[in-house]
Amino acid sequence: MQFASRLTTSFEYYLKLRGVTDFETLKQLMVSDKLFQTLDRETAAHINVRQNEKWFKPVELGKECDLYFTSRGKRLNETRKEPKIYSNNFKTAKTVPKVFFNEMKNKNCDLCRKNENHPLYACPQFKRLSVHERVEVVKNKNVCFKCLSPNCSVKKCSYRNCFCGKAHNKLIHFPKESTNVSSTNAGATEVVNNSQSGEKNTEQGSNVSPIEWVTPFVATNLVENKKNVILSTVQCLVKDRCSQWQEVRCLLDVGSQICLMSNECLQRLQLKSEKINQSISCINNASMVVNRSVSATLANRNKSFERNISMLVVRKITDLIPNQKIDARVQIPESVKLADPNFNVPGKIDILIGAEYFYDIIKPGKLNAKNASLTLQDSVFGYILGGSISSPDKLNSNYCGLICGAEELNSNLRKFWEIEEIGNELPKSKENAICEEHYARTHRRDKTGKYTVTMPFKEHWSCLGNSRDIALNRLASLWTRLSRDQEYLKLYRDFLKEYEDLGHMTEIRESVEPDVTYYMPHHGIYRPQKSTTKLRTVFNASTLTTSGKSLNSIQYNGGVIQDDLFTLLVRFRKHIFAFTADIRQMYRKINIDESQRKLQRILWKEDVKKPIKTYQLNTVTYGTVSAPYLAMRTLKQISIDEGKNFPIAASVLCNDFYMDDVLSGANTLEAAKTLQYQLIDILKTAQMSLHKWCGNTSELIPTTENEYDFSSTDEIKTLGIAWKARTDCFTFKVKVEQNAHPTKRSVLSIIARLFDPLGLLGPVITKAKIFMQQLWLLKIDWSERLPEKEACEWQEFVKSLMNLNDINIERCIVIQSAVVTELHGFCDASEKAYGAAIYARTVTAAGEVKVKLVASKSRVSPIKQVTIPRLELCSAVLLTKLMDKVQRALKMDITSVFYWSDSTIVISWMKKESRDLKTFVANRVVFIQECTEINQWHHVPSEQNPADIISRGLEPERIQQSDLWWFGPSFLQERLVNLASDSNDIHNSELYQRELKNNQGDPVSLLMQDIDILPIINGCSSFVKLQRIIAWCVRFKENARNPLQTTTGSLTAPELSASLFCLVRNVQSVYFAKEIQCIKKGQQLHNSSNLLNLSPLLDEKNILRVGGRLRHSNLPAEQKHPMLIPNNNPICDLIINHFHVFYFHTGIEATLANIRTQFWIINGRSTVKRVIAKCLKCLKVE
């Protein structure tokens, strides 16, 4: 009774769970479950996904299965489960019945209904049918297309194919005159490329498909057998913001879990997006973050299919598909309408439709093209083309349309540790030449001196579409923001009123618009904390029109024609008397030609309830891509036109302006004043004026003080750097917030805020870069929290950054009345970074000396291990580039230039011919020799090298007290610099010899010089063989030295031991160099050393061995103190393989124990495990 009660309760719960309320529904559920059990695993998984928490009724289940089989190209009997056969000696085998399929109850022919036992292909009635009717019978009876048997399928059938080569019986073969579309061939449409309109493509054979594909397609995937794969594209309709249907091009992707829309399509449809923060996983474990989503209604042309789809907005979905035009000749029946008629024309993909809606789109019905791998699949949009075809030509590269945004960030981050790189002058591009020619030809000057220019266009503006609607929408959004802040509204209204009052924009009252116009949305950047300009209005000329193009997209940007920020700041530091200013409304003092003003229209209204007015901007507009070029080129033109009258100011206009900001000065007060007044006068000729003056002395005040305010403030910001004019010092303002859970993204954000173009805080920046590289090696995601150790380290660093606010750096780097001006450059490298620093040393006639840091640069060492001498050479290259850039920036007479390095190896390489050096070293030495004189390079001790600080990094709280960093080594403070003679006794240094060509792979010559550099280690596959080779070389060396007492015969045990010591000593001198030096000097090992816990010691042969308590044991000496071997040298693998094979392929523990009787490998267990895992014999046995 209790069991029955539980059973009843469980059954009632099951009915509620499945939504069954009556007996009729229960019967349908039982039939559906029974049918579901007959499906194969793949089909059942698909049905599970489709029905979700509901269940399909029998009829619905059949439709879903039919749709799925059609889309997958399967026949019904290919998808059912195989029957389970049970048999024994006493019972005949029984077949489990199948409910889902019709069964044959007997062996009689089911077609002719006679009691005749013959197969279908021998049935007389079947043979009398037409081919079409035979095919229908085969389909209805669910028999095999090849053998026509009911218990077989095409995939498993061993029956021979038709004479045409296809997998069907010859009785159901369609000859050319009997195809199922023969009646419609006369009315078939033909898509033919003009270049092949006269060609004809025929093929011998009797089996010709109803659809002919004459030429191949360029696809998005290319394989070696010259196959082009076609992606499925469709053209559909999407509702825009005004509920109007717009045509878009979609890509169907069953491998995507989401739907995407391109940003360009979003702008064209003017749909409203929502802010989100979602990560997308892409190919090769890449990821990108999407911050916008949108919902849109998508439909086919007859509106029979309509869905509201949520999509993520990305910058770009794929490249053009196809990537080049396809010459195609396609014959298509009238009844077949392609989902994308322009499949052969390269076009942008606006929307990607994922797997969620894929099966809603697919319909039953499929046609095979002549090439069996090409398919026309019916869908709600029409027939979709898919599959692959052969290509006559093999393309050179594989193509993939996947776009991933994260890689751009990663590639930019990797620049932190690229080999020496410094910004050099970019060569003039073709675009620069076009814009220069355009400006010289089109600019003009009116009677008042004002300049009129024209925007340089790549293509005519007639390609622009409608932009007024989106400008109206943006204006409404702007007023929503303005209505919430009255101060913001007042400033914005006053700005545009002033714009109109000054004639910089004009109201358009005509009712008829020109054929082509462009309306720029505008918004304000409101910063109430600023003391000067609280509001900056921006006009957005990058907004796309309905044609998908914007005003900026069809313009040239003109390139950069001014000096960079680094150059201007270095030059600003050479002046004794310095000042800054900027041009008032520089862009608005330059007119745009009247023919182009219709492309600079805006919409505005004085109040929310007032009517909207149309204005056109008459001047160069901030927000157009060519505006910076036109403004800077106009300043250059002023210097050309007025250079004869104002020669000093003309030079400053060309060299000391960064956009509208000027940073200049002179070495005397009179010269500075003269320069100021010339600047005022030369700009006045073009109706321009200077304001926001600031100088390092109160005497820089013109006679018309009311018109030009030269008053100096306590602190101003010039080109991003704070300058205290009264004390003439640079300062830094660091504002960072502590994050309890820092991520790699937040770390990079804080590092990017440390704006230091001159490298005055170089050691601190280096410290941050090294930390960022450590995070990179941890391979954590951008939004993942840092491990506890790294998080604590970073929080301590961020906390110490506030100490940078107390640093004051003197701006001027020269002394007044200097008779000697020298530049001293220092370079150094460590395992983690390398860098260069330049100091200016000036001396007066009285012997007064002033030394100041000019600039520095640092690079993090590459992730791939590079030797210290090579990094030292990279730092020398970095110094050479930096010195050249500083000299060009200063534009002053330099008495002498000195280069300093603490690496005698690098200095010795510079004295060698490049042909004697290996490629890496030779290329860099050649560059240094071309840019400098070898007698300019000198050796400096490491403790007096300021570049050592930047190569290792320094905490923010310690940098202020570092006199070596700010003022250079003490010997520069002396009246005469003592140039100590450089040490040339380095010919025995193995790191020096390693880079010489004539020593490559020559152990004999190295041994003859008593140098333990043995490149042969890298090329030998046997430890015993390597040991014997070195032993023979050692014998040759001894015989050469003592020809009267030569050794002959086989190698002896002492000779083999000597060769072993030579090998070990060679490896240890490279990998344990620091530890060996510390032990020789009696110093303690560094805390970061891998050998610290092993208590290493040096024996009488200078072999580094393991120390410790085993010295008190009775073990042999070699077992008490095994030789240390690094785990990242090839000799380590040779030793492990030797012991592993010698002791008959022992396991990890046994092999490690045998090795430690003679050698101690760092991280031995994991290293032995790695090497043994590669043993093929062990692998075969396992």
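Mapped onto my numbering, the consecutive letters of the sequence shown carry residue numbers 546 to 1727. Note that the Cβ used here is the ideal one computed from N, Cα and C, for glycine as well. Source: prediction; values computed, not measured.
Classify TYR902 as helix, strand or coil using the three-state DSSP reduction.
helix
Every unbroken alpha helix (DSSP H) within the stretch 1076-1141, with a cutoff of 4 residues, ordered by chain
1110-1117
Would you please state the rounded distance, in angstroms, between the beta carbons of THR1425 and ALA1378? I believe it to be under 8 Å.
Their Cβ separation, rounded to whole angstroms, is 18 Å, which puts THR1425 and ALA1378 out of contact at 8 Å.
Judging by CA-CA distance, which residue of ASN889, ASP885, LEU811 is the nearest neighbour of ILE862?
LEU811
Between the beta-carbon of LEU1208 and the beta-carbon of LEU1180, is there less than 7 Å?
no
When you compare each of PHE1465, VAL1471, THR1464 to LYS1456 by their alpha carbons, which one comes out closest?
VAL1471
So the alpha helix (DSSP H) SER1406 belongs to, where does it begin and stop?
Run containing SER1406: none; DSSP gives neither H nor E here.
Among THR1219, HIS1068, TYR984, VAL1466, nearest to TYR1101 - alpha-carbon criterion:
TYR984
The alpha helix (DSSP H) enclosing GLU569, as first and last residue numbers:
568-582
Within the chosen definition, does the stretch 1096-1114 reach the stretch 1169-1183 through at least 3 CB pairs nearer than 8 Å?
yes
7 Å CB neighbourhood of CYS1677 in its chain, flanking five on each side removed:
ILE1670, PRO1671, ILE1706, THR1712
Quick check: the stretch 781-789 against the stretch 831-840, are at least 3 beta-carbon pairs closer than 8 Å?
no
Report yes if the C-beta distance between SER1012 and TYR1064 is below 7 Å; otherwise report no.
yes
Please state whether DSSP places SER894 in a helix, a strand or coil.
A small fix is needed here, since residue 894 is Ile in this sequence, not Ser. ILE894: coil per DSSP, three-state reduction.
Which whole-angstrom value describes the C-beta separation of VAL506 and ILE1504, a residue pair presumed to lie in contact below a C-beta threshold of 8 Å?
Residue numbering for the chain in the displayed model covers 546 to 1727; residue 506 lies beyond these limits and cannot be assessed.
Where in the stretch 1019-1068 do unbroken runs of the alpha helix (DSSP H), each at least 4 residues long, occur, reported from the N-terminal end onward?
1031-1046
Whether or not the stretch 1187-1206 and the stretch 1089-1100 are in contact is what I'm after, with contact meaning three or more pairs of Cβ atoms, one per stretch, closer than 8 Å; do they touch?
no
Could you tell me if LYS1119 is buried or exposed, where buried requires 16 or more neighbouring beta carbons within 10 angstroms of its beta carbon?
buried
When you compare each of ALA1698, ARG1710, LEU1660, CYS1723 to HIS1690 by their alpha carbons, which one comes out closest?
CYS1723
Nearest to GLU1663 by CA position, among ILE1680, PRO1675, ASP1644, ILE1681, is which residue?
ASP1644
Can you list, in chain order, the residues of its chain with a C-beta nearer than 8 Å to that of ILE1135? Leave out the 5 residues immediately preceding and following it.
LYS995, TYR996, THR997, VAL998, THR1164, VAL1165, LEU1175, ALA1176, THR1179
Whole angstroms is fine: what's the gap from PHE581's alpha carbon to SER855's?
32 Å
Under DSSP, the beta strand (DSSP E) around ASP1301 begins and ends at which residues?
No beta strand (DSSP E) contains ASP1301, which DSSP labels as neither H nor E.
Taking the alpha carbon of SER1401 as the reference point, which residue from LYS1582, ALA844, LYS1344, LEU1368 has its own alpha carbon closest?
LEU1368
Got a sec, what are the start and stop residues for the beta strand (DSSP E) LYS1262 sits in?
1261-1263
Residue(s) in a DSSP beta bridge with VAL834:
SER824
What are the residues that DSSP puts in a beta bridge with HIS1484?
SER1446
Would you mind reading off the limits of the alpha helix (DSSP H) that contains SER1604?
1598-1616
Would you tell me roughly how many angstroms separate the C-alpha atoms of GLY1210 and ASP1351, rounded to the nearest one?
27 Å
For GLU1187, does the count of other Cβ atoms within 10 angstroms reach 16, so buried, or fall short, so exposed?
buried
Label ILE1558 either buried or exposed according to how many other C-beta atoms from any shown protein chain fall within 10 Å of its C-beta, with 16 as the threshold for buried.
In this prediction, ILE1558 scores a pLDDT of 43, lower than 50, which makes its location untrustworthy; the coordinate-derived value is nonetheless stated afterwards. Buried.
DSSP puts THR778 in a beta bridge; with which residues?
LEU796
Does the stretch 1585-1603 touch the stretch 1622-1631, meaning 3 or more C-beta pairs lie closer than 8 Å?
no
Backbone secondary structure at TYR704 - three-state DSSP
coil
Among ARG1129, HIS1067, GLU1045, ARG990, which one has its Cα closest to the Cα of GLN1182?
ARG990
Opposite ASP1206 in the DSSP bridges: which residues?
ASP1127, TYR1203
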